[in-house]
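J.: Quick mapping for you: the protein sequence lines, in order, are chains X and A.
The first sequence begins at 2 in this note's numbering and counts up one residue at a time.
The second sequence begins at 2 in this note's numbering and counts up one residue at a time.
Every residue, glycine too, gets a C-beta built ideally from N, C-alpha and C.
The structure is given below, and queries will be raised subsequently.
2 protein chains.
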Amino acid sequence: MHPLDAFFRPGSIAVVGASPDMGKIGGIVFKNIMGSSARGNIYPINTHEKTILGIKCFPSIDCLPHSPDLAIIAVHAEAVSDVLRQCVKTGVRAVIIISAGFRETGLEGKMLEQDLKEIIKGSKTRIIGPNCMGCFDAHSKLNTLFVSPKKFQVPSPGGIALISQSGAVGTAILEYMSSKFIGISKFVSYGNRADVDETELIKYLDADKKTKAILCYVEGLKQGREFYNALKIVKKPVVVLKAGKYEGSAKAAISHTGSMTGDYAVFAAAMKQGGATFAKTIEELTDFGKALACCKRVRSRAPKIGIITNGGGFGVMCADMCIGGGMHLAEFSSETREKIKKSMPEFAEINNPLDLIGDATSDRFAAALDAVLLDKNTDIAAVFLWTLGISLDEKIAGVLISAKQRHKKPFLVGSFGGNYTGKLLIKLEEAGIPIYHTPRRTMKAIKVLVKSE
Amino acid sequence: MHPLDAFFRPGSIAVVGASPDMGKIGGIVFKNIMGSSARGNIYPINTHEKTILGIKCFPSIDCLPHSPDLAIIAVHAEAVSDVLRQCVKTGVRAVIIISAGFRETGLEGKMLEQDLKEIIKGSKTRIIGPNCMGCFDAHSKLNTLFVSPKKFQVPSPGGIALISQSGAVGTAILEYMSSKFIGISKFVSYGNRADVDETELIKYLDADKKTKAILCYVEGLKQGREFYNALKIVKKPVVVLKAGKYEGSAKAAISHTGSMTGDYAVFAAAMKQGGATFAKTIEELTDFGKALACCKRVRSRAPKIGIITNGGGFGVMCADMCIGGGMHLAEFSSETREKIKKSMPEFAEINNPLDLIGDATSDRFAAALDAVLLDKNTDIAAVFLWTLGISLDEKIAGVLISAKQRHKKPFLVGSFGGNYTGKLLIKLEEAGIPIYHTPRRTMKAIKVLVKSE
């Protein structure tokens, strides 16, 4: 068992500062753990209450019948050290410190945080936090997050792991993923990273069987060199979004997670050299993540892309992004063109981007996608759907899912629209076919599927 | 009355090719017009049917009791000329030709399209199309679109006009706007623009009282010089998205709307010099449009932006985009800082980006936004909400709407999230406060609100 496993699959959990009050951190975290389907024994620690949500309270960690595997601390910053000492003493292996008021608040907080590090030195106790929002494992179903269950539904199980220095950014991404049916493996909000940091986490997630791609939101790295070395070792794709690009914005990161952001250009170069994918926005982080979690990467220095659409304008924009992104429009073989021609009106031209025309049916899409994916001149396909087309019906979802099952060659699907489009496409996302909102986002994600070395 | 008014507020409408079959163009268009709340007399033209949807059919335009103001033609390309001749003969002023099979299909189609131009020469009859999807006026409620009402809800009335060379791109944007409660004034899918083109449309929309901002999706311009000259004259903000940037993608535009796309760099330079805003993606087109339709632009060469958030990481990313976009972080006055300090915890620092911290309430946002908008050192404010924050409740919508009503200084709101966030923010969009999904999109839209001359 890996030492960090206790954060995600503990046999027992204590919540220090558990509360019946849902306006308090310890109220929300305790409720979320109680709502997690697989959680083992749970011990609320509270000196005033006898029971919380029907569960017997204990006055402190060292009064528990058994030492828990995981302790979550949600008390005032000044009280954290004492609790942590008890955790070390009783052999608790994993401690999540939600409490804020440390390094991010100035000198006094920095000293409090230094104390935490001293307390665990030489012990088997590991810390995530302080000043964090907790963890979530979609496969073990353990939710230790400090996010109101009234506002928030956890995402479904899948292949994306997300680690975030900012709890707000991390949980907002989770909310987005949940509503879009994008599956996740593990989430860690690691805050001030007094102990466990991004380097250790990406190594851990690289070994995690459920994780296919690792997303990181960072403001600054604790150990830049170590992170870079880890990137070179890990086998799974890592996508990094870094905030704090300029002096003026980096300053803000100090009071946020107490981290120096360092030189952005140096960072970007190191990430690239380390083999990580660099995301410039939150949307890119999740867009790239879902492509990498669902599709195998293609090795090519001159990737050839086949673009299929029933909305000509979308095809033109996809081609713009394809060429602008340094990729190539595949030249379909004469065999491919003949196959496609059979399902098209007589006057239609067979080009790439392939315009199946506004009256395209789901069957026409099926024939074209099969032909393009079987063409040796195509490395990856992009399908951009105009769902409002008169002859396109809901069968299109089945067509794409069937193609995904039958072909090894990767393809991504894009579509721009509103409620009808959203409903139609959610089925695809659930089936592991990533959907993108615009030609730009579709083609950018396709580019991430290409490994140039 | 302007000659183009008949396309949007006709006293009577004939649908040539009207059909009871919802699998046909004339079936869908007729149903959409019947569903429009203000439409005057309507005449289905069909030689086989006696009535359609209970309305008496006529065999041809010249058999009608009165000449209609608007005729919509949805018959085979070869039959269009004859119908158009009847329209000219009976004095129909506005003709929308939905039918495809013209210029975009090659030489024969080009000749058919040339015929249409010859037929209307010297007459009062004007054409939108052929190869288009029709028009929509959210204020007159007239919907002549070729989009199935089963899939599509029309957007609500508002200030954005959209003209699109591509019917698919245009209607997909409408579907998006409808689902996001972004209000529209008029929509025109103008297709092959045998007659009415983008230049005439933007001049017309500039004079339209309901229109606050004009969005254009173009692949190529019919008369580049005239469009450029029109841009210099029009008073309302115009946002242009142009597809067909490279030779490989431009080729696709020819078979799509039969248009040569021209040199992208020349086009971009001309647009900028003409005073238009250039959008690189569909999202930018709508993002910029809603900012310009809801907020007054600010004249400044060095715009000073105040950023307010309750999620520190979002603040850092907004600051990144602010500085990266050539804008400045406002330096709040000591008076402003004192005002904000009153509603903040003691340890909190008052900077820009202003982190109201994870426990910020709606009231704390209200006090901070008021202070920042009243500060002389701020030109525009950005509010980035982390809706999952423990103390932030639904009152935040009212706080922002109230600030919008009390302050002249513009502000935009951003928030990244899922279902809960979406529901909370839809109220704002309906109230005329544009919402953006990411720090990048928020700050890019803010930049569009700045006029540097």
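1. Determine the closest residue to I74(A) out of D83(A), M178(A), I98(A), L163(A), with distance taken between C-alpha atoms.
2. Among all the DSSP beta bridges, which residues are the ones paired with T126(A)?
3. Which residues of chain A have a Cβ atom closer than 7 Å to the Cβ of Y177(X), listed in chain order?
4. Whole alpha helix (DSSP H) runs in the segment 329-361 of chain X with 4 or more residues, listed along the chain?
5. Within the continuous alpha helix (DSSP H) that includes F228(X), where are the two ends?
6. By how many angstroms is the C-alpha of K210(A) removed from the C-alpha of M2(A)?
7. From this set, V317(A), K409(A), G312(A), which residue's C-alpha is nearest G390(A)'s C-alpha?
8. Specify the secondary structure class of I99(X) as computed by DSSP and reduced to three states.
9. Relative to the C-alpha of G160(X), which residue among G168(X), I183(X), K151(X), L146(X) is closest?
10. Taking the Cβ atom as the reference point for each residue, do E336(X) and K305(X) lie within a distance shorter than 9 Å?
11. What residue range does the beta strand (DSSP E) around N42(X) cover?
12. Beta-carbon within less than 6 Å of T439(A)'s beta-carbon, same chain only, minus the 5 sequence neighbours each way: which residues are those?
13. Mind checking who C136(A) pairs with in its DSSP beta bridge?
14. Would you say the segment 224-239 of chain A touches the segment 270-277 of chain A, given that touching needs at least three Cβ pairs under 8 Å?
15. So, I434(A) versus L450(A), is the Cβ gap smaller than 9 Å?
16. Tell me the rounded alpha-carbon separation between D207(A) and S13(A).
17. Roughly how many angstroms separate the alpha carbons of A303(X) and K343(X), rounded to a whole number?
18. Using only the alpha-carbon positions, how far apart do I121(A) and G130(A) sit?
19. Determine the burial state of D501(A): buried for a count of at least 16 other Cβ atoms within 10 Å of its Cβ, exposed for fewer.
20. Answer yes if the segment 51-61 of chain X comes into contact with the segment 313-333 of chain A, meaning at least three C-beta pairs across the two stretches below 8 Å, and no otherwise.
21. Which residues of the segment 79-103 of chain A have a Cβ closer than 8 Å to any Cβ of chain X? Give them in chain order.
22. Would you call the segment 77-86 of chain A in contact with the segment 166-177 of chain A, where contact means no fewer than 3 C-beta pairs closer than 8 Å?
23. Since K246(A) meets chain X, which of its residues come closer than 7 Å, beta carbon to beta carbon?
24. If contact means a Cβ-Cβ distance below 9 Å, which residues of the segment 371-384 of chain X contact chain A?
25. Going residue by residue through the segment 63-87 of chain A, where are the continuous beta strand (DSSP E) segments of at least 3 residues, counting only ones entirely within it?
26. Going by beta carbon distance, what residues of the same chain come within less than 8 Å of D380(A), once the five residues before and after it are set aside?
27. Who are the neighbours of M318(X) on chain A, taking C-beta pairs under 7 Å?
28. Enumerate in chain order the residues of its own chain whose CB-to-CB distance from A372(A) is below 7 Å, with the five nearest sequence positions on each side excluded.
29. Verify whether the separation of the beta carbon atoms of T443(X) and L393(X) is less than 9 Å.
30. Relative to chain A, which residues along the segment 353-373 of chain X have a C-beta separation below 7 Å, given in chain order?
31. Hey, out of R194(X), I397(X), Y421(X), I128(X), whose CA is closest to S464(A)'s CA?
32. CA-CA distance, S250(X) and E350(A)?
33. Going by DSSP in three states, S165(X) sits in which element: helix, strand or coil?
34. With distance defined between alpha-carbon atoms, name the residue in D360(X), G359(X), F385(X) nearest to I370(X).
35. Does the beta carbon of V189(X) sit closer than 9 Å to a beta carbon anywhere in chain A?
36. When we look at the beta-carbon of P69(A) and count the other beta-carbons within 10 Å, is it buried (16 or more) or exposed?
T.: The relevant details are as follows:
1. If we check each option's Cα against that of I74(A), I98(A) comes out closest.
2. According to DSSP, which records beta bridges pairwise, T126(A) is partnered with nothing at all.
3. Going along chain A in sequence order, the residues near Y177(X) (Cβ under 7 Å) are F417, G418, G419.
4. Runs of the alpha helix (DSSP H) inside the segment 329-361 of chain X: 335-342.
5. Segment 225-234, the alpha helix (DSSP H) holding F228(X).
6. Between the C-alpha atoms of M2(A) and K210(A) there is a straight-line separation of about 13 Å.
7. In terms of Cα proximity to G390(A), the closest of V317(A), K409(A), G312(A) is G312(A).
8. Of the three classes helix, strand and coil, the one that applies to I99(X) here is coil, per DSSP.
9. Residue I183(X) is the option with its Cα nearest to G160(X).
10. Pairing E336(X) with K305(X) gives a Cβ-Cβ distance that is not under 9 Å.
11. Per DSSP, N42(X) belongs to the beta strand (DSSP E) from 42-46.
12. For T439(A), where only same-chain residues beyond five positions count, the Cβ hits under 6 Å are F417.
13. Under DSSP, C136(A) forms a beta bridge with V189(A).
14. The segment 224-239 of chain A makes contact with the segment 270-277 of chain A, as at least three CB pairs between them are under 8 Å.
15. Not a contact, by the Cβ cut-off of 9 Å.
16. Straight-line spacing of the CA atoms in D207(A) and S13(A) works out to 25 Å.
17. Spanning the alpha carbons of A303(X) and K343(X) requires a straight line of approximately 30 Å.
18. Roughly 13 Å separates the two Cα atoms.
19. Here chain A has residues from 2 to 454 only, and residue 501(A) is not among them.
20. In this structure the segment 313-333 of chain A does not touch the segment 51-61 of chain X; the number of beta carbon pairs closer than 8 Å is below three.
21. If you check each beta-carbon in the segment 79-103 of chain A against every beta-carbon of chain X, the ones closer than 8 Å belong to A101, G102.
22. In short, these stretches do not touch, since the Cβ pair count stays below three.
23. Residues of chain X passing the Cβ test: D321, G325.
24. Listed by position along the chain: nothing, the set is empty.
25. For the segment 63-87 of chain A, the full-length beta strand (DSSP E) segments reaching 3 residues or more read 71-74 along the chain.
26. So the qualifying residues of the chain are V299, S301, P304, K305, I306, A331, K410, V451.
27. In chain order: A244.
28. Result list for A372(A): T337, K340, I341, in chain order.
29. No. Outside cutoff.
30. Those residues of the segment 353-373 of chain X that come within reach of chain A (Cβ to Cβ, closer than 7 Å) are P354, D356, G359.
31. The question about residue 464(A) has no answer here: the residues shown for chain A are numbered 2 through 454.
32. So the two alpha carbons sit approximately 14 Å from each other.
33. Reduced to three states, the DSSP call for S165(X) is strand.
34. With the sequence shown as reference, residue 370(X) is identified as Leu, and Ile is not the correct amino acid for it. Answer by Cα proximity: F385(X).
35. Among the residues facing chain A, V189(X) is not included, as its CB has no counterpart in that chain under 9 Å away.
36. Label assigned to P69(A): buried.
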